[in-house]
Structure formats: structure tokens, C-alpha cells
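Heads up, the thing below is written out as C-alpha cells.
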Amino acid sequence: MTPETLAQLKDAGGGWSDDPQEIAPHLVEWRSKYQGRSSLLLKPDTTERVSKILALCNAARIAVVPQGGNTGLVGGQIPFDGEIILSLSRMNRVRMVDVDGMNVVAEAGATLAAVQKEADNFDRLFPLSIASEGTATIGGNVSTNAGGVHVLRYGMMRELVLGLEVVLADGRVLDLLRALRKDNTGYDLKQLFIGAEGTLGIVTAAALKLFAKPRERATAFIAVPSPAAAIALLARLQDATGGMVSAFELMPRLGIEFVLAHIPGTVDPLSQPSSWYVLAEATGGGGSSLAASFENALAGASDAALATDAVIASSEAQRAALWKLREAMSDAQKPEGGSIKHDVSVPLKDIPAFLDEGIAAVTKLVPGVRPVPFGHLGDGNIHFNFSVPKGADNDAFLARWNEIQDTVHDIVHRFGGSISAEHGLGIMKRDEILRYKSAVEMDVMRTLKRTLDPNNILNPGKVVLV
Ligand SMILES: Cc1cc2nc3c(=O)[nH]c(=O)nc-3n(C[C@H](O)[C@H](O)[C@H](O)COP(=O)(O)OP(=O)(O)OC[C@H]3O[C@@H](n4cnc5c(N)ncnc54)[C@H](O)[C@@H]3O)c2cc1C
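To convert, note that position 50 of the sequence shown is 56 in my numbering; the numbers rise steadily by one, no gaps.
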């Protein structure tokens with residue numbers, strides 16, 4: 007980069023830093039799996055600045071890596087080759103809330119929690135909910151097509167986006183910031199950028215759907231004899247509540263034990279241990295008989311041996327305590343040593359067989375491995391994690407990541423599932439996906455990338471190699 011270009015970029019960025027200490031946190035991620043390298047951080051505060059930066063970068067063939075909250079789990083936000091980091095964190099305004107029209111327009115750097123809060127201030131619900139929501143941003147959520155615990159009822163980020171404002175690789179602003187529910191005027195271009203992980207454009211703002219806030223909520227922590235029983239229980243709860251189940255999370259006993267051991271303030275809500283648990287929540291309108299229907303369905307499930315015990319939250323504090331058991335499950339695995347993780351989905355009906363087959367296959371490879379499969383059962387999405395056997399060498403275990411991953415992913419593929427249900431491809435699964443996607447699918451992906459980013463300056467090396 008010439009000194010002139012560098013000066014122009016700093017000027018265009020408005021906020022910038024070349025201080026290694028300030029840049030350092032942007033080069034590592036939550037799992038400490040990747041270490042990046044970059045000597046320039048740009049922090050624009052307007053769409054116009056992002057546009058100027060990209061026009062300059064495109065002309066000078068300088069690569070940029072967009073970054074939001076840096077909570078991504080596949081290394082997509084890490085600059086591996088000295089690229090400029092383009093942080094959207096200063097573009098964090100909520101531009102508008104349309105209470106009756108049920109939508110909000112937020113800038114890319116607004117945290118998910120801030121948008122939820124702003125919706126709440128207007129007695130509205132923005133339903134996307136993930137454990138990283140205090141740090142993860144709307145731009146990151148759009149770019150990873152984030153999922154989380156409410157997909158069952160409200161869908162993934164893709165289903166919550168009405169419109170987008172995107173800066174293209176050459177600096178042009180593509181204004182698709184329409185809050186229309188119906189717009190059949192040709193190709194739905196915003197969809198291209200949702201889940202593109204910053205490889206096709208920089209998202210600078212999004213128009214998002216809001217919902218009426220639930221007036222009634224029923225939450226239960228339920229011991230179930232098996233994943234198959236959990237699936238049957240979900241169907242019962244959906245039938246009983248008229249489809250009001252908004253979260254249905256599966257957890258194994260070992261995961262609960264990790265949480266109880268490592269997360270202060272957590273307690274086991276049930277007196278007897280169970281192999282599997284479900285955290286189920288249903289939400290509905292005021293004055294409905296939701297809680298009664300929910301409780302009746304649980305009683306029926308107990309009679310049918312689909313549930314062995316349950317506690318229903320009787321206060322907001324108890325509800326929070328039950329949710330903490332689920333939300334702390336990722337954190338609680340850290341003190342237990344190395345963990346090999348998979349974010350996979352298979353058709354709901356195949357989950358029990360997949361769990362049996364997957365756990366048996368990995369246990370055969372690594373006797374004594376500790377399976378901690380948990381997650382969004384209602385969506386067929388399991389975080390299929392394995393902790394290092396007790397007393398085994400951590401590094402030797404982690405060195406087998408690819409072997410274990412390929413074994414798991416082959417089983418997922420055989421069940422017609424996905425090797426990345428919600429975290430994306432980033433760098434972690436960029437090459438792995440080649441084992442499963444057809445040549446035609448990959449060719450269409452490369453064609454899109456070459457068309458929208460002919461100089462390969464947007465997050466190069468992530469998602470797809472061109
Ligand atoms: C504890 C924990 C729990 C999590 N739980 C879930 C979960 O339940 N469901 C789920 O889906 N994910 C989950 N995640 C993953 C992560 O939080 C999401 O992927 C989130 O959407 C990333 O947002 P971010 O702002 O941190 O993005 P970053 O990590 O900064 O970036 C993610 C990707 O998006 C790109 N990007 C970021 N901003 C922009 C932009 N403005 N324009 C273009 N590209 C951009 C980056 O280049 C990168 O490729 C979890 C993560 C953690 C640490």
C-alpha cells in the first residue's frame with residue numbers, strides 16, 4: 007500500500023488505528039482457535055465512509071475483512087493475511103422504529119441486545135436470541151444468517167430481514183432498505199448478502215421485522231428418557247398450545263454437570279439426574295389458556311412416559327435460572343479442556359439415530375471421549391460437541407479434529423443434513439464443504455463471488471475460494 011493510499015484510507019475511515027495493542031483483540035476470537043494479522047483498523051461511522059473506503063480499496067486491490075462483534079465461530083471475521091479490518095462498531099444507531107408497521111431500522115454495528123431493548127421500549131419484540139447477543143451485531147447476524155433459540159417460532163435472521171443497505175465492493179451503495187412485506191419486483195437481491203459472511207458486500211443497515219410482545223409465557227425444564235421422547239414431547243406441546251412453542255432445547259446430563267461445576271450460581275432444578283433434558287418455552291397472548299394447556303400437555307407426556315420429571319418456572323427469576331443452565335452450556339465446556347465441536351442439522355425424525363451413530367463412531371475413534379450434544383432440537387440443529395477424555399492429552403485430542411469432524415460430517419451427510427446449521431463456513435468449513443456440495447452448486451457460488459467482487463477484496467479466502 008502506498009503512503010498516499012494509506013493516508014486516504016485513514017481520512018476516509020474517520021476513526022482508525024494502527025496501534026498493535028488496539029488491533030490485537032480483533033485478531034483473536036472467542037474460541038482462541040485462530041490468530042490473525044493486520045496493521046490497520048478502520049472504524050467508519052457512516053455509510054458514506056464505508057463507501058469511500060471500499061472505492062479506494064477496490065481501486066488499489068486492497069483486501070478488507072468486515073468485523074462486527076467478533077463473536078463468529080468459524081473464523082470468518084479474522085484477517086489472516088494482513089487485510090484491513092473494517093469494524094462497523096461505530097455504526098450502531100437504531101435509525102427508526104415503526105411501531106404500527108412492526109419494523110425497526112438499525113445500523114450494522116448495533117448490538118443485537120440493543121435492538122431487542124429498543125424494540126422492547128416500544129412494546130415490541132425482536133425475536134432473534136443468541137447467547138452472544140450482548141456483543142454480536144446486526145451486521146454480523148445478517149452476514150451469518152444467525153439462528154439461536156427462537157428459530158422454531160420466528161425463523162432465522164433471513165426470515166426477519168425486510169430490507170438491507172449494502173456497500174458493494176466498488177463502493178456503490180445498494181439501497182434495498184425497504185420495509186415492505188410484499189415486493190415481487192424481480193430478484194430478491196438482499197438474500198444474496200444474508201449469510202454471505204462479508205464476501206459479497208458490506209451490510210451497513212437493516213430493516214427488521216418486529217412482533218407483538220407475548221403477554222403470557224410458560225417455561226419448563228423437563229427430564230426426558232431419550233431424544234426420541236423429546237421429539238414426541240415437542241409434537242404434543244405444539245398440538246396442545248396451537249403451535250406456540252418458541253424454544254425447545256435439548257441438553258445431556260454431562261452438559262448440565264459441566265454447568266453446575268463451573269458456572270457460579272447454578273443449581274440442579276430436579277432432585278434426580280436424568281440422561282437427557284429439555285428446556286421448553288411457549289409464548290402466547292394475554293388471557294389465553296397457554297399455561298394450563300402447557301401444563302396439561304406435560305402431565306399427559308408424563309403419563310405416556312415421554313417425561314420423567316419437570317419443573318415449571320413460577321417466576322421470572324426462576325425462568326432466568328432455568329435458561330442460564332442452557333445458555334452457559336458452551337462456556338461450561340471450556341474448563342473441561344479441549345472440545346471438538348460440530349454445528350449440524352439433520353431432519354428431526356433422524357436425530358435419535360444420528361446421535362446414536364455419531365456418538366458411537368467418535369467413541370470408537372477416541373475411547374473415553376465425553377459427548378456433549380446439545381442445542382436447538384426443535385430445528386433439528388445439534389451442537390455436536392465432544393470434550394477430551396478425562397486425563398488425556400489435550401493437544402493430542404485436538405490434533406484429531408479433522409479426522410473426527412470428517413467422520414461426523416459424513417454421517418450428517420448420509421442423513422441428508424447440513425454440516426453448518428447456523429454458524430456459516432468462514433475459514434473453518436470452507437474446504438470441508440467441498441466434500442458435500444455438488445460441483446454445480448460450488449460453480450454458482452463462485453460465479454456470484456466473481457460477479458460482485460471481481461477483484462476479490464471482500465473477505466478473501468472465506469466461504470469460497472475463487
Ligand atoms: C457464546 C456464543 C453463542 C453463540 N450462539 C449462537 C447461536 O445460538 N446461533 C448462531 O447462529 N450463532 C451463535 N453464535 C455465533 C455468533 O454470535 C453469530 O454468528 C453472530 O451472528 C456473529 O455476529 P458478530 O457481530 O459477532 O459478527 P462477527 O463475528 O464480527 O463476523 C461474523 C461474520 O460476518 C461478517 N460480518 C460482520 N459484520 C458484517 C457486516 N456489517 N457486513 C458484512 N459482513 C459482516 C464477518 O466478516 C464474518 O465473516 C454464538 C457465539 C458465541 C460466542
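No residue lacks a Cβ here, since even glycine has one placed at the ideal position from N, Cα and C.
Just measuring C-alpha positions, the residue of Gly384, Phe392, Pro279 and Ala30 sitting nearest Met335 is Phe392. Here Leu182 has Gly169, Leu170, Glu171, Val172, Leu195 and Lys196 as same chain residues with Cβ atoms under 8 Å from its own Cβ, once five neighbours each way along the sequence are excluded.
In the DSSP assignment, the residues bridged to Thr143 are Thr117. The segment 38-57 makes contact with the segment 19-27, as at least three CB pairs between them are under 8 Å. Restricted to the segment 295-375, the alpha helix (DSSP H) segments that are unbroken, complete and at least 4 residues in length are 296-309, 322-333, 335-339 and 357-371, listed in chain order. Secondary structure at Thr457: helix, using DSSP grouped into helix, strand and coil. Rounded to the nearest angstrom, the Cβ distance from Thr143 to Ala116 is 6 Å, consistent with a contact under 8 Å.
The beta carbon of Ile91 is closer than 6 Å to those of His32, Ser44, Leu47, Val71, Gln73 and Pro85 in its chain, skipping five residues each way along the sequence.
For Ile90, DSSP records a beta bridge to Val70. Residue burial is scored here from C-beta neighbours: Ala288 has at least 16 other C-beta atoms within 10 angstroms and is therefore classed as buried. Assignment of Asp24 by DSSP, reduced to helix, strand and coil, places it in the coil class. DSSP places Phe264 inside the alpha helix (DSSP H), whose first and last residues are Arg259 to His268. Put simply, the backbone Cα of Ala212 is about 27 Å away from that of Glu447. For Asp176, no beta strand (DSSP E) segment is defined, and its DSSP state is neither H nor E. In terms of side-chain proximity, the C-beta atom of Ala137 is found nearer than 8 Å to a non-hydrogen atom of ligand 1.
Inter-segment contact for the segment 220-235 and the segment 273-288 is present: three or more beta-carbon pairs are separated by less than 8 Å.
Contact annotation: Val100 and Ala119 have beta-carbon atoms that are not nearer than 9 Å. For Ala61, the secondary structure class from DSSP, reduced to helix, strand or coil, is helix. The three-state reading of DSSP puts Arg441 in helix, counting H, G and I together. Setting aside the 5 residues that flank it on each side, Pro26 is surrounded in the same chain by Ser45, each with a C-beta closer than 8 Å to its C-beta; the list follows chain order. Put simply, of His429, Cys63, Tyr160 and Thr314 the residue whose alpha carbon is nearest the alpha carbon of Gly207 is Cys63.
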